[in-house]
Amino acid sequence: MLFTLSVRLAATIHNLLRAAPTNRLISVLRTPRGLNWALPTSLALVPIYVFLASMATTLLESGGPGWVNLVVLTCIWNAIKFAGLALLSPCLLVRRRAFHDQMDLMSSEIFPSS
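Just so you know, we're using the numbering used here here: the sequence shown kicks off at -12 and counts up by one.
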């Protein structure tokens, strides 16, 4: 029973996190159409999230409320996600272009132009 409850809780949390705005943006940027925009978007958003985290940390150091710690963690986590996407997107682009080149080569062998 405990295992069933933990699996259901994990599934519920997964479904909630899937609808988070940054996770939806990353899903769109990993599609073939959005992959061209993944690197510029990531390079723009990582410094913004780091800056927001540093501003929230400054607010905490000056005696801000404790819930701002969650804002700091969220900003740092989002910066890590977009930094990972920035590192991964060139590899995905190369793989996609290699696949399309291979498909073009195969189609030219099957249907040669006279």
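Glycine included, every Cβ here is placed at the ideal spot set by N, Cα and C.
- Take the alpha-carbon of Asp88 and the one of Leu57: they are about 46 Å apart.
- A Cβ-Cβ distance of about 11 Å is found for the pair Leu16 and Leu80, leaving them out of contact under the 8 Å criterion.
- Assignment of Ala(-2) by DSSP, reduced to helix, strand and coil, places it in the helix class.
- Linking Leu39 to Asp91 through their CA atoms gives a straight-line distance of about 45 Å.
- For Thr9, the enclosing alpha helix (DSSP H) starts and ends at 8 to 16.
- In the DSSP assignment, Met42 falls within the unbroken alpha helix (DSSP H) covering 22 to 48.
- Taking Trp54 as the centre and dropping the five residues before and after it, the same chain places no C-beta closer than 6 Å to its C-beta.
- In the pairwise beta carbon analysis, the region -11 to 6 is classified as not touching the region 36 to 51: fewer than three pairs are separated by under 8 Å.
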